[in-house]
Amino acid sequence: MKNLLYLFLACLLFTACEKDKQKEDVNVEEESTVYTPIQDSELETAIIYEANIRQYSQEGTFNQFTKDIPELKKLGVKVIWLMPIFPVSEKNRKAKGDLMVHDIKDPKEREKYLGSYYAVADYQAVNPDYGTQEDLRKLITTAHDNGMYVILDWVANHTGWDNWWINEHPEFYTKNEKGEIIHPKGTDWTDTADLNYDNENLRLAMIDAMSYWVKEFDVDGFRCDVAHEVPTDFWNEASGQLHNIKPLFMLAESEKKDLFKQAFDMGYNWEGHHIMNEMAQGKVKPNAWSDYMERVKENYEADDILMNFITNHDENSWNGTVKERMGNKANLFLAFQYAIPGMPLIYSGQEYGMDHRLKFFEKDTIPKTKGDVWKKMEILAKAKETIPALHGGKDDADYITIQQESGDEIIAFKRVNGESTVYFMGNPTDVKTSTTFKMGDIKVRDIMTGATAQLRENQIIDLPSGAFRFLEVVNE
57 MKNLLYLFLA CLLFTACEKD KQKEDVNVEE ESTVYTPIQD SELETAIIYE ANIRQYSQEG
117 TFNQFTKDIP ELKKLGVKVI WLMPIFPVSE KNRKAKGDLM VHDIKDPKER EKYLGSYYAV
177 ADYQAVNPDY GTQEDLRKLI TTAHDNGMYV ILDWVANHTG WDNWWINEHP EFYTKNEKGE
237 IIHPKGTDWT DTADLNYDNE NLRLAMIDAM SYWVKEFDVD GFRCDVAHEV PTDFWNEASG
297 QLHNIKPLFM LAESEKKDLF KQAFDMGYNW EGHHIMNEMA QGKVKPNAWS DYMERVKENY
357 EADDILMNFI TNHDENSWNG TVKERMGNKA NLFLAFQYAI PGMPLIYSGQ EYGMDHRLKF
417 FEKDTIPKTK GDVWKKMEIL AKAKETIPAL HGGKDDADYI TIQQESGDEI IAFKRVNGES
477 TVYFMGNPTD VKTSTTFKMG DIKVRDIMTG ATAQLRENQI IDLPSGAFRF LEVVNE
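Numbering (this note's numbering), first residue to last: 57 to 532.
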């Protein structure tokens, strides 16, 4: 009988083993949803999608992305984060490394380089390569009609070198002892000019620019680039004024704790992301995750949300693809980011199993063929939406580490919300591992396969390298 049980459990095992400038028609079929501003309750089951408009399609336009919004709905996407949609500065535009576009002699070669999204030339204009203001409005309306919210990537720390502020308001910028405007200290962002928040008029101008997009385009919030490099008291002031217009969702590219107190709803789970990479690469033991979760519990308030990710625009372009960094553990950590507290992120192309580094300063295109990753994301989205134990917002489900009888080669925890319970066990090591868990006498459903099984007290779990079990307790 025990052998039959192990055989059945093995069946449950999930093993991770040329731009067209003409206006485009956007024909989007969807069941329209009545739009209301974002509420905290919707964050419990939310998934966020980072949209790289430049690289999302061959055309690199708003309209091509808008066509796919109903498809993203199938992945449970609730928040669309648009990477910067503003015109990119031409002055001091980067090509690659330390090479600037103006140092390239061949005119055709220079045309290849589109610059950094984060070198903003005008905070109140759209990049003409992406389309028109009306195209952007159509994107936002389509998202709202599909029950989604749109936040803009906001670059408040610096501007591009031909931003009109440089000539009209040089006092907005940080200067050296010679009175010259400088790029942000401690960085190689030489294509940008550092802003000086000691200037009160800069603060007013920045809040005015942010307000423009809320009032005129009905955007639902902002993802704020390098938020920790901008004074927290500015963000507190800005967030307060913006929320007077309508309820918004604010995401900080930071895990700095004082940013959560007043200004931001969610921050980056940078430390957690790095630990995931290190576990996948064998640099730390799985118990490093349990230690990290204890630090999170101690250092953050209960309603602070962390964004979980295994890739994003920085990681993909500069540090490698998911496969490069995680190898055969990629599927494990894909499910893991949905299982832990917080909000999972999908980066453009990830849903299609993208296995190349997108160019950062040049045109590139993500793949658009649905495969295994898409199917897994659909399953995970349904689980996130329907299982209370996976709530990850301001009132998230409890996270409890499961003690193992021997060894520390498996990540094991459960999430509990009332009568809803899920278990997650994964093997991020390079060797097969077996251990015993005190799980009680329970019936479970494998979230990834739908199969059910009866587990016993002192349950033995065998997990090959990169394998995981994601189980929902069935209450009868």
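All residues carry an ideal CB built from backbone N, CA and C; glycine is no exception.
In this text the structure is predicted, and so the values were computed from the model without any measurement.
Close CB contacts of Pro143 within its chain, under the 6 Å cut and outside five residues either way in sequence, are with Ala177, Asp178, Ala181, Asn183 (chain order).
Considered as a whole, the region 158-241 harbours 163-167, 189-201, 220-224 as its complete alpha helix (DSSP H) runs of no fewer than 4 residues, in chain order. The C-beta distance from Asp96 to Lys450 rounds to 5 Å, short enough to fall under 8 Å. Scanning the region 379-440 from its first residue to its last, the whole beta strand (DSSP E) runs of 3-plus residues come out as 399-403.
Residue pairing of Glu106 in beta bridges, as defined by DSSP: Trp137, Tyr403. Taking the Cα positions, Asn252 is about 9 Å away from His214. Between Arg471 and Asp497 a beta carbon distance of about 20 Å is seen, past the 8 Å cut, so the two are scored as non-contacting. DSSP, read as helix, strand or coil, puts Arg149 in coil. If you ignore the 5 residues before and after Lys147, its C-beta comes within less than 6 Å of the C-beta of Trp217, Asp218, all in its own chain and listed in chain order. Ala523 sits in a strand when the DSSP states are folded into three classes. If you ignore the 5 residues before and after Asp247, its C-beta comes within less than 8 Å of the C-beta of Ser145, Asn148, Arg149, Lys150, Met156, Gly171, Ser172, Ala175, Gly216, Trp217, His239, all in its own chain and listed in chain order. Residue environment: Asp250 is assigned as buried (16 or more neighbouring CB atoms within 10 Å of its CB, all protein chains considered). Counted as a single uninterrupted DSSP element, the alpha helix (DSSP H) harbouring Asp347 occupies residues 343-355. When the five nearest sequence neighbours on each side are left out, the beta carbons in the same chain lying within less than 8 Å of the beta carbon of His412 are those of Thr377, in order along the chain.
The beta carbon of Asp191 is closer than 6 Å to those of Phe118, Asn119 in its chain, skipping five residues each way along the sequence. Under the three-pair Cβ rule at 8 Å, the region 395-403 counts as touching the region 359-369. Assigned with DSSP and collapsed to three states, Tyr112 falls in helix. Leu304 and Glu106 have their C-alpha atoms some 17 Å from each other. Residue nearest to Ala439 within the set Lys499, Gly427, Leu527 is Leu527 (criterion: CA-CA distance). Excluding sequence positions up to five before and after His200, its CB lies within less than 7 Å of the CB of Tyr91, all in the same chain and listed in chain order. The three-state secondary structure of Glu98, taken from DSSP, is helix. Annotated as distal: Lys424 and Arg110, with beta-carbon spacing of 8 Å or more. Secondary-structure assignment with DSSP links Phe469 through a beta bridge to Thr457, Phe480.
Inclusion of Leu307 and Arg351 in the CB contact set at 8 Å is not warranted, their separation being larger than that value. Sixteen is the threshold: since fewer than 16 other Cβ atoms of the shown chains lie within 10 Å of the Cβ of Pro163, the residue is exposed.
Nearest C-alpha to Pro342 among Ala523, Ile466, Met504, Tyr479: Ile466. Looking at the backbone, the Cα of Ser346 and that of Thr442 are separated by about 26 Å. Counted as a single uninterrupted DSSP element, the stretch harbouring Asn119 is not any beta strand (DSSP E) but the alpha helix (DSSP H) occupying residues 118-123. The alpha-carbon separation between Thr288 and Thr230 amounts to approximately 18 Å. At a Cβ-Cβ threshold of 8 Å, Ala336 and Pro520 do not count as neighbours. If you look at Asn364, you'll find it in the beta strand (DSSP E) that goes 361-364.
Ser490: member of the beta strand (DSSP E) spanning 489-493, first to last residue. The straight-line gap separating the alpha-carbon atoms of Gly116 and Thr122 is approximately 11 Å. DSSP places Met504 outside both helix and strand once states are collapsed to three, so it counts as coil.
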